[in-house]
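Protein chains in written order, with the working numbering: chain F, -16 to 487; chain A, 2 to 348. Glycine included, each C-beta is placed from N, C-alpha and C at the ideal position. A quick write-up on the structure given underneath.
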Amino acid sequence: MSEPDATAHGRGALLELSGIHKRFGSTPALRGVDFGVRPGEVHALLGQNGSGKSTLMKVAYGELSPTSGRLVLDGVERTFASPQAALDAGIAAVPQEVPLVDSLSIVENILLGRLPTHGLRVDWGRAKRRAVDVLTMLNAEIDPDAPARRLRPSERQVVAIARALAVDARILIFDEPTSSLTAEHASTLFGIIRQLKERGVGMVFISQRLQDVHEVSDRVTVMRDGLVAGILPADEADHDTITELMIGRSLNEYFHKREVEPGEPLLEVEALTLPGSFEDAAFRVRAGEVVGLAGLVGCGRVDLLRSIYGADHPPQGRIRVSGRDYRPRGPASSVRVGVGMVTGDRKVEGLVMPLSVHENVCMVRNRRLSLRPLHHAADRRVTRRLMQRLHIQAPHADVPVQRLSGGNQQKVVLAKWLGLDMKVLLLDEPTRGVDVGAKAEIYRIISELAESGVGMVVSSSENPELLGICDRILVMFRGRIVAELDAKETSEREVVAFATGAAA
Amino acid sequence: MSGADEVQRDDMLPDASGSPPAAGWSRGLRRGGGWIYARVRVYAGALSALVILGAYLTATQPFFLTRANIYNILSGNADLMLISIGLTFVVLSAGFDLSVGAMAAAAGLAVYEVFQAGLPSGIAVFVALSLGALVGGGVNGVLIGKFKLSFFVVTLGMMSLVSGAVDVITNGETETIGNTGFFYSIGNGSVLGVPAPIWISLAALVIAALVLNHTAFGRAVYAVGGNPEAARLAGIDVTLVLILVYAIAGLGAALAGVVDASRLASAAPSSGSSLTLTAAAAVLLGGTSFFGGIGGVAGTLVGVLLISVLQNGLGLMGVSAFWQGVVTGSVLIAAVALDRLQTRKGT
Chain F
-16 MSEPDATAHG
-6 RGALLELSGI
4 HKRFGSTPAL
14 RGVDFGVRPG
24 EVHALLGQNG
34 SGKSTLMKVA
44 YGELSPTSGR
54 LVLDGVERTF
64 ASPQAALDAG
74 IAAVPQEVPL
84 VDSLSIVENI
94 LLGRLPTHGL
104 RVDWGRAKRR
114 AVDVLTMLNA
124 EIDPDAPARR
134 LRPSERQVVA
144 IARALAVDAR
154 ILIFDEPTSS
164 LTAEHASTLF
174 GIIRQLKERG
184 VGMVFISQRL
194 QDVHEVSDRV
204 TVMRDGLVAG
214 ILPADEADHD
224 TITELMIGRS
234 LNEYFHKREV
244 EPGEPLLEVE
254 ALTLPGSFED
264 AAFRVRAGEV
274 VGLAGLVGCG
284 RVDLLRSIYG
294 ADHPPQGRIR
304 VSGRDYRPRG
314 PASSVRVGVG
324 MVTGDRKVEG
334 LVMPLSVHEN
344 VCMVRNRRLS
354 LRPLHHAADR
364 RVTRRLMQRL
374 HIQAPHADVP
384 VQRLSGGNQQ
394 KVVLAKWLGL
404 DMKVLLLDEP
414 TRGVDVGAKA
424 EIYRIISELA
434 ESGVGMVVSS
444 SENPELLGIC
454 DRILVMFRGR
464 IVAELDAKET
474 SEREVVAFAT
484 GAAA
Chain A
2 MSGADEVQRD
12 DMLPDASGSP
22 PAAGWSRGLR
32 RGGGWIYARV
42 RVYAGALSAL
52 VILGAYLTAT
62 QPFFLTRANI
72 YNILSGNADL
82 MLISIGLTFV
92 VLSAGFDLSV
102 GAMAAAAGLA
112 VYEVFQAGLP
122 SGIAVFVALS
132 LGALVGGGVN
142 GVLIGKFKLS
152 FFVVTLGMMS
162 LVSGAVDVIT
172 NGETETIGNT
182 GFFYSIGNGS
192 VLGVPAPIWI
202 SLAALVIAAL
212 VLNHTAFGRA
222 VYAVGGNPEA
232 ARLAGIDVTL
242 VLILVYAIAG
252 LGAALAGVVD
262 ASRLASAAPS
272 SGSSLTLTAA
282 AAVLLGGTSF
292 FGGIGGVAGT
302 LVGVLLISVL
312 QNGLGLMGVS
322 AFWQGVVTGS
332 VLIAAVALDR
342 LQTRKGT
């Protein structure tokens, strides 16, 4: 393993991709990209969906072969026919969803396909020593004999990393590793990444979350339209710079921050408590207001939104909608009084994947189980209008939503609630897992809704987003609202301080 | 099955837009509107198999395409059609009802018992149909929809319970029903020269198609089958949808039982036993996904016709009845395998 050499650019690089072109049929995905990883470096790779970052990495770990361009590993030009060949050369990919055999032990999973043998017999003693070695190297307290199904999501990733280290991989490519992890599990992963840095392992970190990038990376490359839009040191990579590089335009066009004079109180919440989730929540949302809910994962903000909507257990306390007392008894009753919820996990709660865009868009509209004939023509007009308004990109309205990109799917979730005269909209992570282009569209819609007098509560784990689109931000910590901040005057630092309990 | 191949190939072409360029007739269909294409696609394979089989039988069996034979096929399989239509609702909601065959037998018995009590045939039919809807919705549907029990366990138990009860009451013997006017005509009458069971199937089919495609309840069945949580959070009463689909399955089964009892002038305890699985095969062949949310009764019609014509054709060709199960099973597995390949490309 060579010594870390962070001084020279290019020279001393472990892996160097240069002039990479990749075409799919007539569509260029990569148009001459240079990218390198040095020993002991974490190189973050950012970009919108379709910018080419995944394609580039697939070229690096042998999943795709480039149309043209050079791949140099340790100063030697190489071509990989398969991910297996790349792995043998020391380049390993840690995928987003880690494929483990749930019924097999951790030892077998780490050494899958390469268990040490003694004649025909598996040498279990040596296998276990090897597995324990790499787990120790990662400071992971995982029982090597336990079946993989008992692992938590972050531990699954540890096992995937262990699998790569077991074959002495020197380059690890992480594909959005934190997207399925809680904040706590993500910080465990970051700890491991730091250790690997010290061992001289070079890493590529693909992510859509800017916080992650600041947390671990040394350099940041931003891609756009199959080209490198910019390379910069991580400490210069602030949210605004990165976002502007990703979208290729200025931020003023990004958050469509508008000024609306707040009207009547639409949603008033007092002493709302759900034991074990949140306590004594009180706030008020007026017409045209956007109120943010910030806080770490597990602080109770999602439960708060869901219980106001009546999605789970009814909370104790008092809720008033447009001045009238209201007890949520279920989503149907909430919709009746004008409270809608844009749900968080679109695959689980938001969309019926095999059904068409049209069916999903009209689902709330046609929620009542009536046997009267539907107004097909009117429904079609509504769908067409909403698809135009939200710029939902689909070949036609009858395409199953599962065929759309994440951003377009999220717009469909939002579209379900538009044009129904909802007074209050509760939005749970309205832009999770969508690229910045789609984010900009969603912010624009939220702003338009505020202008039309809807009161909104937006729960988000992305603080810059809350600062950009909200009027006020409520910060939750361990089930309590600990601060109410004016979005214009507060800062990300202050929000984080309250969210982590550092300020009180 | 060249049609199926066509659909398949066009789905395999990779295209980032998610809209693969189509080839041949399927491109024409797509141009004709995504709506038609999306709907026909799921049973295009079964439909082309039916057309080819029909053409083959027409060419080789002179008796096949005669009015008498066609009426015989449609009328003799009205019970299968009615059960399959009801079952389609349940399968669309991502469930299944194993008790439909037993319920058909129970409905026949109910008719017999009401006759024994000296009541008129109109009441007998009403009692039988209500019983089916009540047991299906009130017991199966409530246990599955409200108490969240597994549909497999509930309907398996109900199948055993109902067919056991029928055996207890009849002592395992076939009861002969004295056929009278109205009841006789359900299975044996004809209107405009077409046998009544065909009219009944046709009416059930049209009503089911209208309900599924043109009412909010029908669309809710699809939503619940595709993602019950998303449906619930959109304000749809998921419990009620599930109760209603099992009620519809029970109703369809009871109607099938009544038609059979009339046609055969008897109530046989074992009459429905093979119907459940044949109906499952028909629904599946018709492209309705067992994962819920995809399919419809148009496909079920194609599935029922394919199985019926297949059995009729084998009979006409003098193939032993024992072979019919083998052929039906092979066609079913082939169709599902094709469907699997198709959906995998689609996602």
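Following the continuous beta strand (DSSP E) through residue i, name the residue where it begins and the one where it ends.
| i | result |
| --- | --- |
| residue 205 of chain F | 202 to 207 |
| residue 159 of chain F | Per DSSP, residue 159 of chain F belongs to no beta strand (DSSP E) and is neither H nor E. |
| residue 321 of chain F | Looking at the DSSP string, residue 321 of chain F is not in any beta strand (DSSP E), and its letter there is neither H nor E. |
| residue 230 of chain A | Segment 229 to 234 is the alpha helix (DSSP H) holding residue 230 of chain A; no beta strand (DSSP E) there. |
| residue 300 of chain F | 299 to 304 |
| residue 4 of chain F | -2 to 7 |
| residue 131 of chain A | Taken as a continuous stretch (DSSP letters only), residue 131 of chain A belongs to no beta strand (DSSP E), being part of the alpha helix (DSSP H) at 122 to 134. |
| residue 456 of chain F | 455 to 460 |
| residue 128 of chain F | Per DSSP, residue 128 of chain F belongs to no beta strand (DSSP E) and is neither H nor E. |
Please report the Cβ distance between residue i and residue j, rounded to the nearest whole angstrom; I am assuming they are in contact, meaning their Cβ atoms lie under 8 Å.
| i | j | result |
| --- | --- | --- |
| residue 13 of chain F | residue 35 of chain F | 5 Å |
| residue 112 of chain A | residue 84 of chain A | Not quite, the Cβ-Cβ distance comes to about 16 Å (not below 8 Å), so this is no contact. |
| residue 89 of chain F | residue 136 of chain F | Incorrect: roughly 15 Å between the Cβ atoms, too far for contact. |
| residue 274 of chain F | residue 265 of chain F | The pair is not a contact, with the Cβ atoms about 12 Å apart (cut-off 8 Å). |
| residue 89 of chain A | residue 301 of chain A | 5 Å |
| residue 229 of chain F | residue 207 of chain F | 6 Å |
| residue 122 of chain A | residue 184 of chain A | 4 Å |
| residue 231 of chain A | residue 333 of chain F | 6 Å |
| residue 143 of chain F | residue 77 of chain F | 5 Å |
| residue 269 of chain F | residue 249 of chain F | 6 Å |
| residue 298 of chain F | residue 290 of chain F | 4 Å |
| residue 40 of chain F | residue 156 of chain F | 5 Å |
Only counting the same chain, and skipping five residues up and downstream in sequence, which positions put a Cβ closer than 8 Å to that of residue i?
| i | result |
| --- | --- |
| residue 5 of chain A | With a pLDDT of only 37 at residue 5 of chain A, under 50, the local geometry of the prediction cannot be trusted, and no value is derived from it. |
| residue 99 of chain A | 153, 156, 157, 159, 160, 277 |
| residue 112 of chain F | none |
| residue 270 of chain A | 106, 110, 164, 167, 168, 171, 173, 174, 175 |
| residue 350 of chain F | 315, 318 |
| residue 191 of chain A | 197 |
| residue 59 of chain A | 65, 66 |
| residue 131 of chain F | 83, 84, 85, 86, 87, 88, 89, 92, 139, 142 |
In chain order, what residues of the same chain lie with their CB nearer than 7 Å to the CB of residue i, ignoring the 5 residues before and after it?
| i | result |
| --- | --- |
| residue 129 of chain A | 108, 111, 112, 255, 258, 259 |
| residue 292 of chain F | 311, 314, 317, 322, 324, 409 |
| residue 337 of chain A | 285 |
| residue 547 of chain F | Only positions -16 to 487 of chain F appear in the structure, and residue 547 of chain F is not among them; the question remains open. |
| residue 141 of chain F | 121, 123, 125, 175 |
Where does the unbroken alpha helix (DSSP H) through residue i begin, and where does it stop?
| i | result |
| --- | --- |
| residue 117 of chain A | 101 to 117 |
| residue 307 of chain A | 298 to 317 |
| residue 359 of chain F | 359 to 372 |
| residue 186 of chain A | 182 to 189 |
| residue 155 of chain A | 152 to 171 |
| residue 202 of chain A | 197 to 215 |
| residue 566 of chain F | Nothing about residue 566 of chain F can be reported from this structure: the residues present for chain F run from -16 to 487 only. |
| residue 10 of chain F | Looking at the DSSP string, residue 10 of chain F is not in any alpha helix (DSSP H); the run it does join, the beta strand (DSSP E), is 10 to 20. |
Between residue i and the rest of its own chain, which residues show a CB-CB distance below 6 Å, the 5 nearest in sequence each way excluded?
| i | result |
| --- | --- |
| residue 6 of chain F | 50 |
| residue 212 of chain A | 219 |
| residue 195 of chain F | 161 |
| residue 63 of chain F | 45, 69 |
| residue 465 of chain F | 458, 481 |
| residue 222 of chain F | 193, 447 |
- prompt: Given a limit of 7 Å on CB to CB distance, which residues of the region 222 to 255 of chain A reach chain F?
  reply: Under the 7 Å Cβ criterion, the region 222 to 255 of chain A contributes 223, 224, 227, 228, 230, 231, 232, 233, 234, 235, 236, 237, 238, 241, 242.
query: Going along the chain, which residues of the region 156 to 179 of chain F sit with their C-beta nearer than 9 Å to a C-beta in chain A?
result: Answer in chain order: no residues at all.
message: Along the region 208 to 222 of chain A, where does the CB come closer than 9 Å to a CB of chain F? Name the residues.
response: Answer set for the region 208 to 222 of chain A: 211, 212, 214, 215, 216, 217, 218, 219, 220, 221.
field: Near-chain F residues of the region 267 to 299 of chain A - C-beta to any C-beta below 7 Å
entry: Answer set for the region 267 to 299 of chain A: 294, 295.
task: Starting from the N-terminal side, write out each stretch of the alpha helix (DSSP H) that is 4 residues or longer and does not extend beyond the region 30 to 95 of chain F.
output: Runs of the alpha helix (DSSP H) lying entirely within the region 30 to 95 of chain F and spanning at least 4 residues, in chain order: 36 to 43, 66 to 71, 89 to 93.
message: Can you pull out the residues from the region 296 to 315 of chain F whose beta carbon lies closer than 7 Å to at least one beta carbon of chain A?
response: Cβ contacts with chain A: 314, 315.
task: For the region 452 to 481 of chain F, enumerate the residues whose C-beta is nearer than 9 Å to any C-beta of chain A, in chain order.
output: Within the region 452 to 481 of chain F, no residue qualifies.
- request: With a floor of 4 residues, list each alpha helix (DSSP H) that falls wholly inside the region 408 to 453 of chain F, ordered by position along the chain.
  value: Fully enclosed alpha helix (DSSP H) runs of 4 or longer: 419 to 434, 446 to 452.
- request: Anything in the region 322 to 342 of chain F with a Cβ closer than 8 Å to a Cβ of chain A? List those residues in chain order, please.
  value: Going along the region 322 to 342 of chain F in chain order, one finds 324, 326, 331, 332, 333, 334, 335, 336, 337, 338, 339, 342 with a Cβ nearer than 8 Å to chain A.
- request: Scan the region 349 to 361 of chain F for residues whose Cβ lies nearer than 9 Å to a Cβ of chain A and list them as they occur along the chain.
  value: If the cut-off is 9 Å between Cβ atoms, the region 349 to 361 of chain F has 349, 350, 351, 352, 353, 354, 355, 356, 357, 359 near chain A.
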